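Numbering (our numbering), first residue to last: 741 to 875.
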(Lines of atoms letter the chains of each structure in order from A and count residues from 1; the text may use other names and numbers.)
(Lines give C-alpha, C1' and ligand atoms only; values in the text may rest on other atoms or scores of the structure.)
Protein backbone atom coordinates (compact mmCIF):
# COMPACT_ATOMS: atom_id res chain seq x y z
CA UNK A 1 0.00 0.00 0.00
CA UNK A 2 1.37 3.39 -1.02
CA UNK A 3 1.06 6.28 1.36
CA UNK A 4 0.82 9.84 0.11
CA UNK A 5 2.22 12.62 2.21
CA UNK A 6 0.85 16.07 1.59
CA UNK A 7 3.24 18.92 2.09
CA UNK A 8 2.14 21.89 4.17
CA UNK A 9 2.91 24.32 1.34
CA UNK A 10 2.31 23.78 -2.36
CA UNK A 11 5.49 23.58 -4.40
CA UNK A 12 6.25 26.75 -6.30
CA UNK A 13 7.78 26.76 -9.75
CA UNK A 14 11.46 27.59 -9.87
CA UNK A 15 12.48 31.23 -10.01
CA UNK A 16 13.69 30.69 -13.59
CA UNK A 17 10.33 29.30 -14.65
CA UNK A 18 8.48 32.18 -12.98
CA UNK A 19 10.79 34.72 -14.64
CA UNK A 20 10.27 33.06 -18.05
CA UNK A 21 6.52 33.09 -17.57
CA UNK A 22 6.57 36.75 -16.55
CA UNK A 23 8.69 37.70 -19.56
CA UNK A 24 6.42 35.74 -21.90
CA UNK A 25 3.25 37.30 -20.48
CA UNK A 26 4.60 40.86 -20.66
CA UNK A 27 5.76 40.31 -24.25
CA UNK A 28 2.38 38.84 -25.19
CA UNK A 29 0.52 41.79 -23.65
CA UNK A 30 2.85 44.34 -25.25
CA UNK A 31 2.35 42.89 -28.71
CA UNK A 32 -1.32 42.00 -28.65
CA UNK A 33 -3.26 44.07 -26.16
CA UNK A 34 -6.20 46.13 -27.27
CA UNK A 35 -5.98 49.87 -27.03
CA UNK A 36 -8.61 50.82 -24.48
CA UNK A 37 -9.35 54.33 -23.22
CA UNK A 38 -9.04 53.45 -19.52
CA UNK A 39 -5.51 52.18 -20.18
CA UNK A 40 -4.39 55.52 -21.68
CA UNK A 41 -4.66 57.26 -18.33
CA UNK A 42 -5.22 54.52 -15.74
CA UNK A 43 -6.25 56.72 -12.82
CA UNK A 44 -8.14 55.00 -10.01
CA UNK A 45 -11.29 56.88 -11.08
CA UNK A 46 -11.10 55.75 -14.71
CA UNK A 47 -10.31 52.16 -13.74
CA UNK A 48 -13.24 52.13 -11.29
CA UNK A 49 -15.64 53.47 -13.93
CA UNK A 50 -14.43 50.92 -16.50
CA UNK A 51 -14.69 48.01 -14.06
CA UNK A 52 -18.28 48.87 -13.19
CA UNK A 53 -19.25 49.39 -16.84
CA UNK A 54 -17.62 46.12 -17.88
CA UNK A 55 -19.75 44.05 -15.51
CA UNK A 56 -22.00 41.89 -17.69
CA UNK A 57 -21.18 44.07 -20.73
CA UNK A 58 -18.88 43.51 -23.70
CA UNK A 59 -15.76 45.65 -24.04
CA UNK A 60 -16.74 46.87 -27.53
CA UNK A 61 -20.06 48.07 -26.15
CA UNK A 62 -18.48 49.82 -23.16
CA UNK A 63 -15.83 51.88 -24.98
CA UNK A 64 -18.11 54.63 -26.40
CA UNK A 65 -20.11 54.81 -23.16
CA UNK A 66 -16.91 55.12 -21.14
CA UNK A 67 -15.60 57.91 -23.35
CA UNK A 68 -18.85 59.89 -23.13
CA UNK A 69 -19.14 59.28 -19.39
CA UNK A 70 -15.65 60.50 -18.45
CA UNK A 71 -16.00 63.45 -20.83
CA UNK A 72 -19.17 64.50 -18.99
CA UNK A 73 -17.88 63.56 -15.53
CA UNK A 74 -14.07 63.84 -15.65
CA UNK A 75 -13.65 63.59 -11.87
CA UNK A 76 -15.29 61.97 -8.89
CA UNK A 77 -16.39 65.42 -7.75
CA UNK A 78 -18.05 66.12 -11.10
CA UNK A 79 -19.89 62.80 -10.97
CA UNK A 80 -21.00 63.40 -7.38
CA UNK A 81 -22.27 66.90 -8.18
CA UNK A 82 -24.30 65.79 -11.20
CA UNK A 83 -28.01 65.10 -10.90
CA UNK A 84 -28.62 61.36 -10.91
CA UNK A 85 -30.91 61.82 -13.94
CA UNK A 86 -27.92 63.13 -15.94
CA UNK A 87 -25.89 60.08 -14.94
CA UNK A 88 -28.73 57.75 -15.93
CA UNK A 89 -29.19 59.57 -19.26
CA UNK A 90 -25.55 58.95 -20.19
CA UNK A 91 -25.91 55.34 -19.06
CA UNK A 92 -29.01 54.87 -21.22
CA UNK A 93 -28.68 51.78 -23.40
CA UNK A 94 -25.94 50.17 -21.31
CA UNK A 95 -28.41 48.37 -19.04
CA UNK A 96 -28.21 47.33 -15.40
CA UNK A 97 -29.03 50.85 -14.23
CA UNK A 98 -28.28 50.02 -10.60
CA UNK A 99 -24.61 50.24 -11.62
CA UNK A 100 -25.07 53.90 -12.57
CA UNK A 101 -26.99 54.67 -9.39
CA UNK A 102 -24.29 52.97 -7.32
CA UNK A 103 -21.53 54.89 -9.14
CA UNK A 104 -23.30 58.15 -8.36
CA UNK A 105 -23.88 57.23 -4.70
CA UNK A 106 -20.29 56.00 -4.29
CA UNK A 107 -18.93 59.19 -5.85
CA UNK A 108 -20.91 61.23 -3.32
CA UNK A 109 -19.48 59.16 -0.47
CA UNK A 110 -15.95 59.54 -1.85
CA UNK A 111 -16.38 63.32 -1.88
CA UNK A 112 -17.81 63.34 1.65
CA UNK A 113 -15.45 60.81 3.27
CA UNK A 114 -12.36 60.50 1.08
CA UNK A 115 -11.64 64.02 -0.21
CA UNK A 116 -12.95 63.10 -3.67
CA UNK A 117 -10.57 60.16 -4.11
CA UNK A 118 -11.03 56.45 -4.63
CA UNK A 119 -9.97 55.08 -1.24
CA UNK A 120 -6.79 53.01 -1.18
CA UNK A 121 -7.88 51.10 1.92
CA UNK A 122 -9.68 47.89 0.86
CA UNK A 123 -12.20 48.03 3.72
CA UNK A 124 -13.12 51.63 2.85
CA UNK A 125 -13.45 50.65 -0.81
CA UNK A 126 -15.68 47.68 0.02
CA UNK A 127 -17.93 49.94 2.09
CA UNK A 128 -18.91 51.95 -0.99
CA UNK A 129 -22.17 51.26 -2.85
CA UNK A 130 -21.76 48.83 -5.73
CA UNK A 131 -18.30 47.63 -4.77
CA UNK A 132 -17.77 44.08 -3.61
CA UNK A 133 -14.95 41.59 -3.38
CA UNK A 134 -15.24 40.70 -7.06
CA UNK A 135 -16.08 44.12 -8.50
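Built from N, CA and C at the ideal position, the CB exists for glycine as well.
Only a predicted model underlies this, so the values are computations on that prediction, with no experimental measurement involved.
The continuous stretches of alpha helix (DSSP H) do not include residue 753, and DSSP gives it neither H nor E. Distance from the Cα of residue 856 is smallest, within the candidate group 777, 753, 807 and 821, for 821.
In the DSSP assignment, residue 863 falls within the unbroken alpha helix (DSSP H) covering 862-866.
The Cβ atoms of residue 792 and residue 810 do not sit closer than 8 Å to each other. Considering only 815, 832 and 838, the residue with the shortest C-alpha distance to residue 869 is 838. By the criterion of at least three beta-carbon pairs nearer than 8 Å, the segment 797-807 is not in contact with the segment 752-769.
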